[in-house]
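Down below is the structure, laid out as structure tokens.
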Amino acid sequence: MDATTEQVAAVGAITGTLVALDRAISSLMACRDGLLATGARIALQTVHDADDGDARDRDSRAHDAGEMALRAVAAEFAAALRLSDRTVQRRMADAELLVLQFPVLWHAQGDGRLSAVQSRTIIDAGLHLDDADDRDAYAAEMLKWAQTESPSRLARRARRVADRIQRRTIDERHQSAREHRAVWVKERADGMAELGLLGPAALVHGAYDRITAMSKSVAGEEAERTTSEAERTTLEAERTPLEAEVSTREADASTREADASTREADASTQKSEPRRGRRGGEGDLPSAGTVRDAFGGPRHGAPETAPTPRTLAQIRCDLTLDLVLTGAPAGHDSDDGMLAAIAGSVSVTVPVQTLMGTSTMPAELDGRIPIDSATARRLAGGASGWDRILTHPVSGRLLAVDRYRPSAELKRHLRARDQRCRFPGCGQLPRDCDIDHTRDHALGGSTDGGNLGTLCRRHHSFKHHTPWHVQHLGDALYAWTSPTGRTYVDAPPEQNTETNTDTNTAGSAPPGAAPPF
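The opening residue of the sequence shown carries number 9 in my numbering; numbering runs sequentially from there.
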């Protein structure tokens, strides 16, 4: 991108204005949430003031009366705002949650230090915190990270912080959450519908990864067929008139020979068998044409047409429906049966002290999904290979990545360290990223952890084709400089671990003890 000094200055000015405007919008939205929450409190207060009956009947009437009062106030607001009263009532509930349950976030949003999207992200990850003091501590810690992280990155960190502050273990919460597993359907326009599923994270991600792998295989086969057809069409178009005439004559001769053979076979059949009419059930069958079915594939009954190439998302949908509708269920009555069907490489991050049995910090799948310890053990035991990511109990930094069958060790180390694309605000997983030399290898850049990192394909090409500049600052820190001169430092997320400031306990294992893995 070649830009003049004036254009760069204009972009810089617009950036500053957008930042100020976004802060003002966040503050106004916090004000709106305060008003909506106040409306909800007034509605419930009217019910409380009017309810002077027997205390034994009060609780039985409170819910219904409170719901109707909320609906009345929501309808009042909705009519004035030209919105659905259901929409306004949902907003009132969200506002109450922010104002009453997470006041620290509400005040920060009112000051413009936090966007509404960031507030919602932090709240969603901390809904399971029952104690008010725990919620305040959680919100205060997340405010520090919200100053530098995008919502997608903030969500991952928020889950970790909430899990650390939560007094119930991940195993206890997982058992409760499992009771809510379900499948549902939402009707969509134009003859479409949406199938949703809520289930254990390890199983859902395993199913999605398997569908994706199958879809990519199908997409590759379809691409090869399309390429072959295009090459054949090109060759036919490039033939000379004489070559085309010779080819046509050869095809006609082959057809005549086939017809003669068919007539001889028919004559032989008629001599050896009595003739049967069409009504006897064995008459001539119509030729089988093709027509595209609901999945976009061919079926009998219509003239053949050229298939339309399918996207990866479309193939995922078609394969999922095909498997659900035609597959025979097996092992669905237990997690062990379903987990055994998940094959591949599993990255399970476990702090060293958790392996030693002295910590209840949850394990994580692919560096972002908290999973219960039993699931982690089953996955690690049944996988064809798994990465063991060890973290330091004092600093929390990555210690090592190893594997039973070593291969591409540096790549695994980088992906375990970075856990995402290293461009500010990007949350693409490392398995979908390229390993990039920050300083080009052709210009003397080294191939080691100090010069390598994960960039998604979008930001990999972005780095090479825009005026943005990136450099390593050491300790896995990236410094990105924009065309307007702003610098954004990106640090890799901390490893899933607990830190311990007491150095005497970090090495408390007895001399000569076996490692915990």
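Beta carbons: idealized from backbone N, C-alpha and C, even for Gly.
Q. So, using beta-carbon positions, are Trp-114 and Leu-106 closer together than 7 Å?
A. yes
(Q) Give me the residue from His-473, His-467, Ala-499 with the minimum Cα distance to Leu-481. (A) Ala-499
Q: Pull up the DSSP beta-bridge partners for Gln-479, would you.
A: Ala-487
Q) Is it a yes or a no for the region 174-191 touching the region 150-160, going by three-plus beta-carbon pairs under 8 Å? A) no
Q) Among residues of its own chain, excluding the 5 on either side of Met-222, which ones have a beta-carbon nearer than 7 Å to its beta-carbon? A) Leu-327
Q) Using the beta-carbon count (16 or more within 10 Å), is Leu-29 buried or exposed? A) That one is exposed.
(Q) Could you give the first and the last residue of the continuous beta strand (DSSP E) run that contains Cys-441? (A) Cys-441 -> beta strand (DSSP E) spans 441-445.
Q. Are the region 91-102 and the region 37-57 touching, with three or more C-beta to C-beta distances below 8 Å?
A. yes
Q. How would you call Ala-11, buried or exposed, if buried means at least 16 neighbouring beta carbons within 10 angstroms?
A. exposed
Q: Take Phe-470 as the anchor and find which of Arg-430, Leu-437, Ala-424 has the nearest alpha-carbon.
A: Arg-430
Q | Gly-557, enclosing alpha helix (DSSP H) - first and last residue | A | Residue 557 lies beyond the stretch modelled for the chain, which goes from 9 to 525, so this question has no answer here.
Q: Per DSSP, which residues does Thr-495 bridge with? Please list them.
A: Thr-489
Q.
Mapping the DSSP letters down to three states, classify Cys-39 as helix, strand or coil.
A. helix
Q | DSSP three-state assignment for Ala-145, whether helix, strand or coil | A | helix
(Q) I want to know whether the region 77-93 touches the region 111-126 - three or more CB-CB distances under 8 Å. (A) no
Q) Where Gly-433 and Ser-160 are concerned, what is the direct C-alpha to C-alpha distance, given to the nearest angstrom? A) 7 Å
(Q) Helix, strand or coil, according to DSSP, for Leu-205 in the structure here? (A) strand
(Q) Classify Gln-479: buried if its beta carbon has 16 or more other beta carbons within 10 angstroms, exposed otherwise. (A) exposed
Q.
Considering just the uninterrupted stretch of the alpha helix (DSSP H) at Thr-129, what are its terminal residues?
A. 124-134
**Q.** Euclidean distance between Cα positions of Pro-378 and Ala-371
**A.** 6 Å
Q: Kindly list the residues whose CB is nearer than 6 Å to the CB of Gly-452, restricted to its own chain and excluding five residues on each side of it in sequence; keep chain order.
A: none
Q.
If I measure Cβ to Cβ from Glu-195 and keep anything under 6 Å in the same chain, skipping five residues before and after, which residues do I get?
A. Excluding positions up to five away in sequence, the list reads Ala-201.
Q: Using the Cα positions of Gly-207 and Ala-382, report the straight-line distance between them to the nearest angstrom.
A: A direct Cα-to-Cα measurement between Gly-207 and Ala-382 gives close to 16 Å.
Q | Cβ-Cβ distance between Gln-427 and Cys-464 below 7 Å | A | no
**Q.** Residue closest to Cys-325, alpha-carbon to alpha-carbon, out of Thr-241, Thr-235, Ile-219, Thr-95
**A.** Ile-219
Q) Shortest alpha-carbon distance to Leu-108 belongs to which of Ile-131, Ser-34, Val-226? A) Ile-131
(Q) On a Cα-Cα basis, can you pick out the residue from Pro-501, Val-497, Thr-492 that is closest to Ala-17? (A) Thr-492
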